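Same order as they appear, the protein sequences are chains A, B, C and D.
If you count by this note's numbering, then the first sequence holds residues 25 to 420, one letter each, in order.
If you count by this note's numbering, then the second sequence holds residues 10 to 529, one letter each, in order.
If you count by this note's numbering, then the third sequence holds residues 2 to 422, one letter each, in order.
If you count by this note's numbering, then the fourth sequence holds residues 787 to 1199, one letter each, in order.
Note that the Cβ used here is the ideal one computed from N, Cα and C, for glycine as well.
Computed from a predicted model, the values in this text were never measured in an experiment.
Report on the structure given below.
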Amino acid sequence: MGTTRALAALVAATALIVGACQGGAGRPGGGSPAAGGAGAGSPAANSPAGGGPAGGSPAGGGAAAGTPLPGAADFKACEVSDTGGIDDKGFNQNAYAGLEGAKAEFGIGEIKFLESTSEADYNRNIQTFINEKCDLIVTVGFLLGDATEAAAKANPKQKFAIVDFAYDPVIPNVAGIVFAIDEATMLGGYLAAGMSKTGKVATFGGIDIPPVRTFMEGFAAGVNYYNKQKGKNVQLLGWDPKKKSGSFTGDFQDTAKGRQVTEGFIQEGADVVMAVAGPVGLGAAAAVQDAEGVMFIGVDVDQAISAPEYRDVMLSSILKRIDNGVKGAIRSALEGRFKGGVQVNTLKNEGVGLAPYHEFENDVPQELDAEIDALRQAIASGQVKPADWYEGAPGQ
Amino acid sequence: MKLELQGITKRFPGVVANEGVDLVVEPGEIHALLGENGAGKTTLMNVLYGLYRPDEGEILLDGRSVTFHDPGDAIAAGIGMVHQHFMLVPVFTVTENVMLGAESTRGFGGLLDVADARRRIVEVSERHGLRVDPDALVEDLPVGVRQRVEIIKALYRRSDVLILDEPTAVLTPQEGEELFAIMRSLARSGTSIIFITHKLNEVLQVADRITVLRRGRVAGTTTPGTTSREQLAAMMVGRSVQLQVDKAPSEPAGTVLEIKGLVVCDDRDHVAVDGLDLTVHAGEIACIAGVQGNGQTELVEAVTGLRPVSAGTVTLDGRPITAHPRRVFEAGCAHVPEDRLEDGLVPGFTIADNLVLNSYYLAPYATGLRLERHAILQRAREQVAQYDVRTPSVFNDVANLSGGNQQKVIVAREFSRPIRLLVAAQPTRGLDVGSIEYIHRRIVEKRDEGTAVLIVSTELDEVLALADRIAVMYQGRIVAILDPAEATPERLGLLMGGARPEEGLDPEAQEIAAAAASAG
Amino acid sequence: MTAAATTVGAGSAGLRRQQLFGFVYLALAAIIAVAFGAATEPGATSSFELNAPRVAVQLPPLVVPSAPTAYALAGLCAFLGAVQLTRGFGARNAVVLGAVVLLFIAGFLVWAASTRSMNLVGVLQGTLQRATPITFAALAGVLCERAGVVNIAIEGMLLTGAFVAAVAASATGSPWIGIIAAVVVGALLAALLAVLSIRYRVDQIIAGTVINIFAIGMTSFLSARVLQRRPELNNPDRLGPIQIPLLSDIPVVGPIVFNNNVFVYAMFVLVVLIHVALFKTRWGLRVRAVGEHPKAADTVGIDVLRTRYQNVILGGMLAGVGGAFLVLGSTGRFDREMTAGRGFIGLAAMIFGGWAPVGSFFASLVFGFADSLQARLSILNVPIPSELLLMVPYVVTILVVAGLVGRARAPAADGRPYEKE
Amino acid sequence: MAAVPERPTRPGLTRQAVTFGRGLLLPALAILTALILGALVIVLSDPDLVTLFGVDPVAALGASWDLVAAAYGALIAGSIGNPGDLVGALAAGDLDAFVAALDPISVTLQRSTPLIFAGLSVALAFRSGLFNIGAEGQLYLGALFAVFVGFSFPGLPFFIHIPLAVAAGFLGGALWGFIPGFLKARTGAHEVIVTIMLNYVAYRLIDLALKTDVFQRPGREDPISKEVVESAALPPLIPGLAAGVHWGLVIALIAAAVVSWLLFRSTKGFEFRAVGLNPQAARYAGIDTGRTVILAMAVCGGLAGLAGTSEVLGSNRRLVSGLSPGYGFDAIALALLGRSRPLGVVAAALLFGALRAGATPMQAATGIPIDLVVVVQALVIMFIAAPALVRGLYRIRAGRTTGTEVFSKGWGT
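Rendered as structure tokens:
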């Protein structure tokens, strides 16, 4: 009971970091801007089995996949999870997919994983890996922020990468892998608004924490942008942008709650639902499947692939390429280019994105797809900033 | 049906409850099984009823050897039993209780046929004159009626042998008479009856034959015509016993306990004590006689501060009490509760701890929050010696003591301090004769020291032996106060059954009283 | 006790309670007026949708002016309180109490739906859905406790049932086999409880707690060790809703009652069946006797221990079905600790329902309603922090247990091991 | 029934020793059996091994042995370390190496600290006839109060700040224990359901609190509390092992002594135990059972609150919602294993602390999930609660028959 409740984040960068990034600070220059349509075309699912192609790793580079890199055989990469297991269908698993991908592609010698069951495990798990002389320790989630900082300062030669967290000031031996997820959810929101027949779309979260909220705010931005562009009035249920409050199930375990909340949305007329709640989201997908004419937007990975049983309702997914971020960090460490600081994963560097429509390929109007593409480019180029659209059209 | 028990032996860890018991009950015979508490009567009957398996010996019915694995076998063989503690489900109706285990059903899935069962119950009850409302809830019935339900239960199953275990313990003498009449009528119709009791008078009155058990063995078999009370008592106890308590006439002094207009509710919010007045003086033993369930328990609980008082006052030496047990205790009231193990002792605590159960927080047993173990132990050793508690050590768990020794622990705790008032409820229930004598002697001693004593007892013998004044309690009120010299068991019995003091009770009035009781 | 004496007692105690309730009613009326009525925007309306999505017969939504409606409800409640204070309602007390609770809820809904629309049918559909696992848990509790065994392990049985249902249904491709597997494993855990508490006379609450901890540990362990490596084992087919023709077209009632999955229909049947079995059959009479007075049952030849084993195991089977519902009838997936206390809430429903199947079912509906409303409020963005809303079912459980346990009477031998002397 | 004849002899010294030995034998066998079954679970939950058993049983048996040996080896190494290292370091006079070799033990003691507090909480409740399943929630409330004091008063000297924070933690837990105690005493609500429900309420309350400005760390948007200032932090007990055992252990041992004194040497404890064993008789003897139940639950809550306190002041120095991996539930096992005796609880806590400490290295070495520890713990309590199971397994004759030490009495008052 309650051991894994603080699996608290599936999830994206904190609003703080997002804000800082959009201020233009520290955006890494690597990676080419996404060509039109490429973002929707290429991302692969991050099932534990397959590493997925290396395209768009933020730390850049264009090494051919599957070629062992020099010195890789002696390289040891280790992951410490927060209180979720690597089967959380969320970011712990996704980060581990990055490790597995690095093993498959770069041929690194060993990957290891330690699950934490509580606060007390964090220091211990990191220390275990330091003792085991891991070359790179990947810690997952902001919960590990303090522990990683302490360990990094105590062991300045040890390389760390932390997902969903960034330090200010920068710690030289820690790379923070963060995600501007609202860029991707804004596309999702636009898509949802464009696809809705009832004029109502919905979203809900697991626990009310900023990384979850960022997803929902981006989604709201997309709906708002759509309404402004089209002069429509699509309603968003489950998130009130003005009050910054919304629907949360309270944890990341109770799938039945996810289902029930979603049934509520459907009864209130929503026909596109995005669940930002890890496994709880699959409960939501089940509810969507049992209703007629309702669509689902997955998060983190392409859920049409990772949860194929819900393919028939999966309009798209919001991709958060933690695997690529982790792989990129491993690669830079392997190649001796490792440096501390923040790696922001954006639409532009394909660190976040929108998954293909799969079953809905033929249902999404050409026109809408083109608009989404345009929006993608506008965001990537900085013309449109999601944060401006959180509460409605800017200036209103 | 002829019933024979041959050489029954039943052992429990550490005790032999029955040893080589032989018993023959002829058809249509009322056979009394007489013995002290703990003589093995109930064990023997539980063996016969299939609740226990004998370690040795066998049971013969009409000459055939039978083995009972459970009561179901015994019932099937025609044996019925009315237990001392009624085996009735309080929240069930009479019909449900009677049919339980022998249900009438109809249709699929064993749907109960209540109408059929009710019809058969009415039939049985009319045939034997056992009046009862088949639709009444058992918990609403007075004990006498509950016993009728138990008998109906046995007859409903067409029992040829009926075992009655201490059936008169909860009855008024008049209700007892009524029961005896039923027993005789049943015997005439061919039912064999085994009647378990420790009351000599009853045995002589109703039994055809008597078997006396002592310490698990048959001490002898006789008939009422060839024996006497004294002989039976001697067989029962193994020595001649004196059933009287030696005591000087009381010398009552000032009023200690004064109860005025007391109203107390029971657990179900019904009035149990209904405007009761009573005074107890220093140096006298006042006994409250009455049939169980007439508000005695609630009265005692109210006096000792355990139960809130709805109206009226209770004063001890002029100061109001009834606030909280501890204040009553500190005002100088000692209490020997009705149920030793439930109310009086903490099983799991040592004897020493039980001896300070209500005074542990006072000097010299405690200083501030700290318990003074030495003082507690020293006191315990003294009291164990003084009150003759048979135990190897004061560290022993009180649960491992015999009933008599447990009662001595309570008596030691309550008596060995200066007290003004002693309240004792059923102080000798379930004890052997030796212990009874001992407790009685101590109570009289306490009186002679000038303590006011209030005894509540349902045992007329005890009341008559101890009391300096007898108050009869009926339906929450004191209906008469008698001098023991003028009290006879008969008169007391009438009063306990609800007769007004000035009149005798003719059968009609008795019926009215019974009807009123069952209506309550 | 004479009849006259009885009324005196009931009267004096009743008077105090009557006054207390009167004041409570008045206080609730004040809350409805101030917190719900005055808090709405002037002129706002509350709209209640009465249609499920996509039904044949469409009803117009029920639109009421928020503040006036709340004031009217408050007035009605105050009237009841005043009558209660002065005259009392005598035997109809319970009905009036129920009415006041309904008025309060109605007032709350008017406030919550002010300037918004709320789908009332949806709330009620959700109520039934959420009540389903709780009802199964409560039925399991009723079966066990009527026979005198306290089963606190229902939570663990639900959880294990859910796990096994997910794996078995995934492995075989048949949700039906999943249900059967859940029933079997529920029975096994129950048998363990029965052996521990009946044969070894382990304290029943301790035995139950052991099973709960074991169930949580084992399912979490296997979920991490097996399901993580073999995700295809956690991908069962679900049993979707079955619309009953014609009946499901009845407005309001149809979509709520006659458009459910097989678990819900089974629940309806089981509630009635167990109720009848318990109170109208030979089996039930014997079970209740065992729970009330095992010795009495023993003396008329009823095998007390066997009855207890049998009922505990039957209860375990029902808990297993409840667990299977969570996976096969609801989410389509097992997750660690997914039961989230529903087993314990089921026990509270059992107490609330007076240890009777039908009563437990209605009590479960109360919990289901609290849960459903809570979710709905968060959807409607009612300005209460989500954490507080999420506490609601648990707080309601505490209130129910605290408020009712003294009044509702448990089987007399509940929780007590039976020893043949 | 005839009375059991009194035992004539006073228990001799040898008999006491035998009783004591038997007292240890059963827990030892229970733990052993649980570990054996745990090994079975490890093997059976490995799909590859199960498949291998069908193909090549001998190889599978060997592989199973290797897996279990590796798992339990890592478990032991991670919890008590390698004695050789200690001896070697001592021989070499290398202080740093010595301290480093102490690391596993230090971690074990650190993990044991909250377990001691929580175990004492449940044990004290058992002794008072109460079943406290709410230690988990009480722990969180204690942590909430303690962390508040811990970050709120910078500048206080540590000898004031630490006691203040500890007292606050006790108070927070006591508050969460008071509620079920009060409800039980006044309405008869069974503490089991109430405490379980309060656990869930506590989780939500922590989530809520960590979003408020009062608690949330400035500049952070995730639910994490402000940092406990140095003057309120419990320093490490072994200098040089900052992440290991801290002074919370000392407080825990003091708490165990205090609980022992309270239970067996004080008037309040006399009341607790009397009410626990026979509330009716306690009431007859003038003990206010309602107040005793409330006080006992509040103290139990306070003790559990100290478990959270020692974690936030010692191990973590901040509060997040994932504070406890279920210490409150382990506590039930601890109290049973320790027979509700404070010393027994301490011993059991050391064992469970070792299991928790060794689980991480076990997972690192073999990938076996940490939840195995919970399975083993549940098995241990089962065998402890039903000693007849173990006796039956090992054909030990029953000594004096002792029932379970606690008795539940249904749902009523």
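Q: Can you tell me which of the three DSSP states residue 158(A) falls into?
A: coil
Q | Three-state secondary structure (DSSP) of residue 404(A) | A | helix
Q) Between the beta-carbon of residue 430(B) and the beta-carbon of residue 469(B), is there less than 7 Å? A) no
Q.
Among 1129(D), 1033(D) and 916(D), whose alpha-carbon lies nearest the alpha-carbon of residue 766(D)?
A. Past the boundaries of the shown model lies residue 766(D); chain D is included only from 787 to 1199, so the question cannot be answered.
Q. Can you name the residues that DSSP bridges to residue 483(B)?
A. 486(B)
Q: Spatial neighbours of residue 169(A) within its chain, please: CB distance less than 6 Å, with the 5 preceding and 5 following residues excluded, ordered by chain position.
A: 189
Q | alpha helix (DSSP H) segment containing residue 41(B), residue limits | A | Unbroken run through residue 41(B) is the beta strand (DSSP E), 39 to 44; no alpha helix (DSSP H).
(Q) Measuring alpha carbon to alpha carbon, tell me which residue in 328(C), 193(C) and 383(C) is nearest residue 425(A). (A) Shown here, chain A extends from 25 to 420; a query on residue 425(A) therefore has no answer.
Q: Kindly indicate if chain B contains any beta-carbon less than 7 Å away from that of residue 1071(D).
A: Output row for residue 1071(D): interface = yes.
Q. Using the beta-carbon of each residue, which ones in chain C are nearer than 9 Å to residue 344(B)?
A. What residue 344(B) touches in chain C: nothing, since even the nearest Cβ is about 25 Å away.
Q) Looking at the unbroken alpha helix (DSSP H) that takes in residue 308(C), where does it start and where does it end? A) 305 to 325
Q) Under three-state DSSP, which class holds residue 294(B)? A) strand
Q) Would DSSP call residue 31(B) helix, strand or coil? A) strand
Q) In angstroms, rounded to a whole number, what distance separates the CA positions of residue 184(A) and residue 153(A)? A) Going by the C-alpha atoms only, they are around 11 Å apart.
Q.
Under 8 Å: do the stretch 362 to 372 of chain A and the stretch 197 to 214 of chain A share three or more Cβ pairs, one atom per stretch?
A. yes
Q) Where do the ends of the beta strand (DSSP E) carrying residue 66(C) lie? A) 63 to 66
(Q) On the DSSP letters alone, give me the boundaries of the beta strand (DSSP E) that residue 221(B) sits inside. (A) 218 to 223
Q) Are the beta-carbon atoms belonging to residue 92(B) and residue 169(B) less than 7 Å from one another? A) For the 7 Å CB-CB criterion, residue 92(B) and residue 169(B) do not form a contact.
(Q) Quick test of the definition: if touching needs 3 or more C-beta pairs under 8 Å, does the stretch 1012 to 1021 of chain D touch the stretch 881 to 889 of chain D? (A) Output reads no: the stretch 881 to 889 of chain D does not touch the stretch 1012 to 1021 of chain D.
Q: For residue 131(C), decide whether its Cβ has a neighbour in chain D, counting only Cβ atoms nearer than 7 Å.
A: no
Q: With 7 Å as the threshold, decide whether the Cβ of residue 210(C) is near any Cβ in chain D.
A: yes
Q) What residues in its chain sit with their C-beta under 8 Å from that of residue 322(C), if we drop five residues either side in the sequence? A) Here the set comprises 137, 162, 180, 183, 184, 187, 264 and 267.
(Q) Let me see if you follow: with CB-CB separation under 7 Å, is residue 153(A) close to chain C or not? (A) No, residue 153(A) lies away from the interface with chain C (no Cβ there is under 7 Å from its Cβ).
Q | Per DSSP, the bridge partner or partners of residue 90(B) | A | 172(B).
(Q) Report the CB separation of residue 75(B) from residue 19(B) in whole angstroms; it is logged as a contact under 8 Å. (A) About 16 Å separates the two Cβ atoms, so there is no contact after all.
Q: Grab the span of the alpha helix (DSSP H) containing residue 348(C) for me, first residue to last.
A: 343 to 353
Q: Using alpha carbons as the reference points, say which of 370(C), 325(C), 341(C) and 195(C) lies closest to residue 164(C).
A: 325(C)
Q. Can you tell me where the alpha helix (DSSP H) with residue 262(B) in it begins and where it stops?
A. From DSSP, residue 262(B) is part of no alpha helix (DSSP H); its letter is neither H nor E.
Q. Since residue 21(B) sits in a beta bridge, which residues does DSSP pair it with?
A. 24(B)
Q: With a 10 Å radius around its C-beta and 16 neighbouring C-beta atoms as the bar for buried, classify residue 177(B) as buried or exposed.
A: buried
**Q.** 8 Å contact criterion, which residue 4(A) and residue 276(A) should meet: CB distance rounded
**A.** The shown model of chain A, from 25 to 420, leaves out residue 4(A), and the question about it has no answer.
Q: Could you have a look at residue 964(D) and say whether DSSP puts it in helix, strand or coil?
A: Three-state result, residue 964(D): helix.
Q.
Any beta carbon from chain B within less than 7 Å of residue 301(C)'s own beta carbon?
A. Using a Cβ-Cβ cut-off of 7 Å, residue 301(C) counts as an interface residue toward chain B, since at least one Cβ of chain B sits closer than that to its own.
Q) Among all the DSSP beta bridges, which residues are the ones paired with residue 342(B)? A) Residue 342(B) pairs with 430(B).
(Q) Applying the 10 Å Cβ sphere with the 16-neighbour rule, what's the burial state of residue 1028(D)? (A) With a threshold of 16 other beta carbon atoms within 10 Å, residue 1028(D) falls short and is exposed.
**Q.** Option in 310(B), 355(B), 292(B) and 217(B) with minimal Cα separation from residue 747(D)
**A.** Outside the shown range of chain D, which is 787 to 1199, sits residue 747(D), and nothing can be said about it.
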